[in-house]
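All remarks here apply to the structure that follows.
Residue numbers (my numbering): 300 to 375.
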């Protein structure tokens, strides 16, 4: 009989713990913070990707451009 009581108490504690976590999440906006962190990390990754693409394009253009371009003729 004692084992059944202990299991019931543990189940009630787990339920109370879940309730407290849920209340804390609502009050502390933890879910929103988690989403904000995820969004911020996605933005950082996207910025790094764009920076790599820009660097690659710049390298390609530098290789394609003449080293000593001919002077332009015409009026300024």
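Beta carbons: idealized from backbone N, C-alpha and C, even for Gly.
Since we're looking at a predicted model, the values are computed, not measured.
Pairwise C-alpha distance: residue 357 and residue 351: As a working mapping, residue 351 is identified with position 52 in the chain shown. As a working mapping, residue 357 is identified with position 58 in the chain shown. One C-alpha to the other measures close to 10 Å.
Helix, strand or coil at residue 314 according to DSSP, with G and I counted as helix: If you number the chain shown from 1, residue 314 lands on position 15. The answer is helix: DSSP assigns residue 314 an H, G or I state.
Sequence-distant residues of the same chain with beta carbon closer than 6 Å to residue 320, five excluded per side: For the purposes of this step, residue 320 is taken as residue 21 along the chain shown, with counting starting at 1. Same-chain partners within the cutoff: there are none.
DSSP-derived helix/strand/coil call for residue 371: Working through the chain shown from its first residue, we reach residue 371 at position 72. Looking at residue 371 - three-state DSSP - the assignment turns out to be coil, as it is neither helix nor strand.
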